[in-house]
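Novice:
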Amino acid sequence: MGLIEIAAAKALASSAVFLFFTLLVMAAAKRISTCIVMFSVQSAIMAAEILAVAYANKSAEAYTIAALVIVVKVLAIPYLLFRIVRNLKASQDVASSTTGAQSVFIMVGLILLSFFAVAPYARTLRVDEDMLAASIALLLAGAFLMVSRKKALMQVIGLLILENGILLAALTTIFGMPLVIEIGIFFDLLMGVFLMGLFVFRIRDTFEHLDVSKLRRLRG
Amino acid sequence: MNPAIDLIQSLLLVAIAPLVSGVIARLKAQMQNRRGASVLRPYADLLKLFRKHDMAPDTASWLFRFAPAALFAVTVTAAAFVPVLHASALFGVGGDFILLVYLLAFGRFFLMLGAMDGGSSFGGLGASREALVSALAEAPLLLALTSVAILTHSISVAGIVLFTLQQHPFQLSAVFVFALGALVLVAIAETGRIPVDNPSSHLELTMIHEAMVLEYSGASLALIEWASSIKLTLILALLIGVFAPWGMAAGASLVALALAPLFFALKLAALTIAIAVLESSIAKLRMYQVPDFLGMASALAILAVAFTALMR
Chain R
318 MGLIEIAAAK
328 ALASSAVFLF
338 FTLLVMAAAK
348 RISTCIVMFS
358 VQSAIMAAEI
368 LAVAYANKSA
378 EAYTIAALVI
388 VVKVLAIPYL
398 LFRIVRNLKA
408 SQDVASSTTG
418 AQSVFIMVGL
428 ILLSFFAVAP
438 YARTLRVDED
448 MLAASIALLL
458 AGAFLMVSRK
468 KALMQVIGLL
478 ILENGILLAA
488 LTTIFGMPLV
498 IEIGIFFDLL
508 MGVFLMGLFV
518 FRIRDTFEHL
528 DVSKLRRLRG
Chain F
210 MNPAIDLIQS
220 LLLVAIAPLV
230 SGVIARLKAQ
240 MQNRRGASVL
250 RPYADLLKLF
260 RKHDMAPDTA
270 SWLFRFAPAA
280 LFAVTVTAAA
290 FVPVLHASAL
300 FGVGGDFILL
310 VYLLAFGRFF
320 LMLGAMDGGS
330 SFGGLGASRE
340 ALVSALAEAP
350 LLLALTSVAI
360 LTHSISVAGI
370 VLFTLQQHPF
380 QLSAVFVFAL
390 GALVLVAIAE
400 TGRIPVDNPS
410 SHLELTMIHE
420 AMVLEYSGAS
430 LALIEWASSI
440 KLTLILALLI
450 GVFAPWGMAA
460 GASLVALALA
470 PLFFALKLAA
480 LTIAIAVLES
490 SIAKLRMYQV
500 PDFLGMASAL
510 AILAVAFTAL
520 MR
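The listed protein sequences derive, respectively, from chains R and F. Counting from 318, one number per residue, gives the positions in the first sequence under this note's numbering. Counting from 210, one number per residue, gives the positions in the second sequence under this note's numbering.
Here's what the structure looks like:
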């Protein structure tokens with residue numbers, strides 16, 4: 318049993334690194350489906366993190382939140398997004414306005430920035446600096462993906478990453494928000510993805526493309 | 210006894226290199242529903258080429274003949290710095306990971322000189338492409354190895370391998386993940402595999418390595434081909450040694466030494482299968498995309514170095 322426990326402890330201690338890795342892959346990704354898979358992986362890492370907090374604090378609420386994360390973020394939302402991508406029959410390209418290397422460099426910069434940003438707070442709050450930095454990095458990365466990718470679907474994915482960052486920040490600083498609020502957020506997200514899906518279809522039907530940088534004029 | 214083992218493992222690396230190329234070619238052929246040549250085919254090719262007449266263009270100088278020999282010598286020297294079976298190297302000195310990087314660059318320098326001396330336009334074309342790729346691959350390779358050196362508190366390749374070998378796999382810092390990512394990307398570019406270069410293509414628009422060796426024949430070509438397969442095996446052995454050395458012998462115990470080749474063969478087989486799958490499943494990048502590919506490796510390597518200070 319010892320080996321598995323060591324492995325689990327190590328995996329949790331280095332989960333920040335794996336979160337960073339998913340962000341870097343998303344920055345390098347050229348296809349929307351890669352980003353969706355990475356979002357699912359990212360949410361699975363978060364679920365493991367929440368399970369660990371639940372186990373350590375023996376809190377039933379945290380177990381519920383972990384189950385919700387797995388059902389909603391690891392399975393339901395990626396499935397919905399995949400369905401949208403399949404039904405759109407549009408190109409898979411994320412239509413980035415920066416090249417792959419530039420995106421990865423910017424992402425690296427954001428990750429380093431988040432470390433410097435949280436350093437003073439991590440010391441006073443006595444929380445894990447890596448995880449707090451990871452949550453800020455998720456926020457920044459989500460915002461960066463939203464502004465730099467022109468496909469409407471990438472805006473949805475950017476928002477979801479941003480939300481993952483908020484969840485992680487709450488988890489590391491105050492061990493998660495109250496259950497009612499969490500459930501509300503998950504419901505919001507699911508509805509948001511539904512609505513954005515419909516919206517994306519409308520954009521495609523009206524403008525015959527998904528490039529948000531070209532949405533300049535009103536059309537009936 | 211140790212120098213003897215070190216000598217044997219360096220010679221082993223040189224000797225099995227054509228076999229590794231043969232296995233990759235065979236696996237790729239089978240994945241593409243072809244039967245493929247025997248895995249020993251590269252040896253037969255080398256033997257055939259060594260027996261053939263070595264032609265040189267009229268315009269070529271002594272450099273044309275000198276370059277393949279220099280490339281081979283430098284590559285074999287580089288192979289002597291990489292631990293394979295035993296966590297020590299024939300020529301281990303402090304800071305030799307930097308030397309290793311630049312020995313490989315030196316070999317490439319000779320190959321480019323020889324290609325341009327050949328006088329054909331393809332030689333110059335291939336050399337300029339190779340110069341572009343190698344200039345961009347040098348920084349991430351060096352940075353990734355530097356981050357590994359900082360993490361393992363040692364400045365020689367053998368020291369890095371010995372440190373990692375003595376750690377439990379779960380005791381290693383997670384920062385290794387970034388260094389591994391960067392090194393894998395660089396290794397693809399360095400060894401000229403898909404998606405950076407296609408080793409089995411003779412298409413003018415895309416070839417890098419093949420364009421450089423177009424003018425060579427006979428023993429010179431054999432030396433170049435052998436050197437490039439040694440380089441591939443060397444970089445695979447370096448990846449194995451730095452990131453997964455478990456199974457390698459640390460002391461002079463005979464049992465460990467007897468088991469080490471088995472572990473090495475298993476790990477090498479896993480990597481060759483990975484290369485064959487990768488090369489069969491993805492398309493080659495356009496030449497202008499290669500700097501982008503290596504830029505990602507640079508960013509990863511920079512993050513790896515920064516994280517050695519930021520994370521424990």
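Virtual Cβ for every residue (Gly too), placed ideally from N, Cα, C. Remember, it's a predicted structure, so these values are computed and weren't measured experimentally.
For the alpha helix (DSSP H) holding G368 of chain F, just list the boundary residues, first then last.
Specialist: 366-375 is the span of the alpha helix (DSSP H), which, as asked, contains G368 of chain F.
Novice: On the DSSP letters alone, give me the boundaries of the alpha helix (DSSP H) that F175 of chain F sits inside.
Specialist: Outside the shown range of chain F, which is 210 to 521, sits residue 175 of chain F, and nothing can be said about it.
Novice: Which ranges does the alpha helix (DSSP H) cover as unbroken runs of at least 4 residues, wholly within the region 238-297 of chain F, from first to last along the chain?
Specialist: 250-260, 271-288, all fully within the region 238-297 of chain F.
Novice: Can a CB atom of chain R be found closer than 8 Å to the CB of V386 of chain F?
Specialist: By this cut-off, V386 of chain F is an interface position.
Novice: Counting only runs of 4+ residues fully inside the region 323-377 of chain R, write out the alpha helix (DSSP H) ranges in chain order.
Specialist: Runs found: 332-345, 349-374.
Novice: Beta-carbon within less than 7 Å of E489 of chain F's beta-carbon, same chain only, minus the 5 sequence neighbours each way: which residues are those?
Specialist: The residue you asked about is not Glu; residue 489 of chain F is Ser in the sequence shown. The answer, listed in chain order, is K237, M240, Q241.
Novice: Could you give the first and the last residue of the continuous alpha helix (DSSP H) run that contains E413 of chain F?
Specialist: Looking at the DSSP string, E413 of chain F is not in any alpha helix (DSSP H), and its letter there is neither H nor E.
Novice: Expressed to the nearest angstrom, what Euclidean distance is found between the alpha-carbon atoms of L480 of chain F and G323 of chain F?
Specialist: The alpha-carbon atoms of L480 of chain F and G323 of chain F are separated by roughly 31 Å.
Novice: Comparing C-alpha positions only, which one of F:R250, F:L220, F:L222 sits nearest to A531 of chain F?
Specialist: What is shown of chain F runs 210 to 521, which leaves residue 531 of chain F out entirely.
Novice: Give me, in chain order, the residues of the same chain whose beta-carbon lies closer than 6 Å to that of A465 of chain F; leave out the 5 immediate sequence neighbours on both sides.
Specialist: Only A458 meet the Cβ criterion.
Novice: Quick one: does the C-beta of E378 of chain R sit closer than 7 Å to a heavy atom of the ligand COA?
Specialist: This structure does not include the ligand COA; it has no bound ligands of any sort.
Novice: Going by beta carbon distance, what residues of the same chain come within less than 7 Å of I491 of chain F, once the five residues before and after it are set aside?
Specialist: Closer than 7 Å at the Cβ level, and outside the excluded window around I491 of chain F, lie I403, P404.
Novice: Rounded to the nearest angstrom, what separates L255 of chain F and A431 of chain F at their Cα positions?
Specialist: So the two alpha carbons sit approximately 5 Å from each other.
Novice: Please classify R466 of chain R: does DSSP put it in a helix, a strand, or coil?
Specialist: The answer is strand: DSSP assigns R466 of chain R an E or B state.
Novice: Looking at I478 of chain R: is its Cβ nearer than 8 Å to the Cβ of F338 of chain R?
Specialist: No.
Novice: In terms of DSSP beta bridges, what is S413 of chain R paired with?
Specialist: R:R466, per the DSSP bridge assignment.
Novice: Hey, T355 of chain F and F372 of chain F are a contact pair by Cβ (cut 8 Å); roughly how many whole angstroms apart?
Specialist: The Cβ separation is near 15 Å, so there is no contact.
Novice: Using only alpha-carbon positions, find the residue among R:A454, R:L457, R:A373, R:T381 that is nearest to P495 of chain R.
Specialist: For the residues R:A454, R:L457, R:A373, R:T381, the minimum Cα distance to P495 of chain R belongs to R:T381.
Novice: Should M520 of chain F be flagged as near chain R, meaning a C-beta pair shorter than 8 Å?
Specialist: Cβ-Cβ to chain R under 8 Å: yes for M520 of chain F.
Novice: Give the interface partners of D501 of chain F over in chain R, defined as CB-CB distance under 7 Å, in chain order.
Specialist: Residues of chain R passing the Cβ test: T416, G417, A418.
Novice: With 8 Å set as the bound, which would you pick, yes or no: does the beta-carbon of I511 of chain F sit closer than that to a beta-carbon of chain R?
Specialist: Chain R contact via Cβ: present.
Novice: If you draw a straight line from the C-alpha of I423 of chain R to the C-alpha of M513 of chain R, how long is it?
Specialist: Their Cα atoms are separated by approximately 27 Å.
Novice: Can the beta-carbon of N421 of chain R be found closer than 8 Å to that of A345 of chain R?
Specialist: Here residue 421 of chain R is Val; the residue named in the question, Asn, does not match the sequence. Cβ distance < 8 Å, so V421 of chain R and A345 of chain R count as in contact.
Novice: Does A508 of chain F come within less than 8 Å of chain R when only Cβ atoms are used?
Specialist: It does: the Cβ of A508 of chain F has a partner Cβ on chain R nearer than 8 Å.
Novice: Would you kindly work out how many angstroms separate the C-alpha atoms of A420 of chain F and P277 of chain F, rounded to a whole number?
Specialist: When rounded, the distance between both Cα atoms is 15 Å.
Novice: Which residues of chain R have a Cβ atom closer than 7 Å to the Cβ of M505 of chain F, listed in chain order?
Specialist: Correct list: A345, G417, A418, V421.
Novice: Which two residues bound the contiguous alpha helix (DSSP H) that contains P470 of chain F?
Specialist: Taken as a continuous stretch (DSSP letters only), the alpha helix (DSSP H) holding P470 of chain F covers 463-490.
Novice: Taking S331 of chain R as the query, report the chain F residues whose CB atoms sit under 7 Å from its CB, ordered along the chain.
Specialist: In chain order: A383.
Novice: Compare the Cα-Cα distances from G390 of chain F to each of F:V229, F:F259, F:L509, F:V451 and report the closest residue.
Specialist: Of the listed residues, the one whose Cα sits closest to G390 of chain F is F:L509.
Novice: Residues in its own chain within less than 7 Å of A379 of chain R by CB, not counting five upstream and five downstream?
Specialist: Within the same chain, A379 of chain R has close Cβ partners I367, V370, A371, G493.
Novice: Excluding five sequence neighbours on each side, which residues of the same chain lie with their C-beta closer than 8 Å to the C-beta of L216 of chain F?
Specialist: If we look at L216 of chain F and ignore the five residues flanking it on each side, its Cβ neighbours are L299.
Novice: Whole angstroms is fine: what's the gap from L228 of chain F's alpha carbon to V386 of chain R's?
Specialist: Roughly 49 Å separates the two Cα atoms.
Novice: In terms of residue numbering, what span does the alpha helix (DSSP H) encompassing Y396 of chain R cover?
Specialist: 394-405 is the extent of the alpha helix (DSSP H) around Y396 of chain R.
Novice: Of all the CB atoms in chain R, is at least one closer than 8 Å to the CB of A515 of chain F?
Specialist: By this cut-off, A515 of chain F is an interface position.
Novice: So, is the C-beta of F372 of chain F closer than 8 Å to a C-beta in chain R?
Specialist: No, F372 of chain F does not count as interfacial toward chain R.
Novice: So, for S452 of chain R: in the same chain, excluding its five sequence neighbours on each side, which residues have a beta-carbon less than 7 Å away from its beta-carbon?
Specialist: For S452 of chain R, where only same-chain residues beyond five positions count, the Cβ hits under 7 Å are G482, L485, A486, T489.
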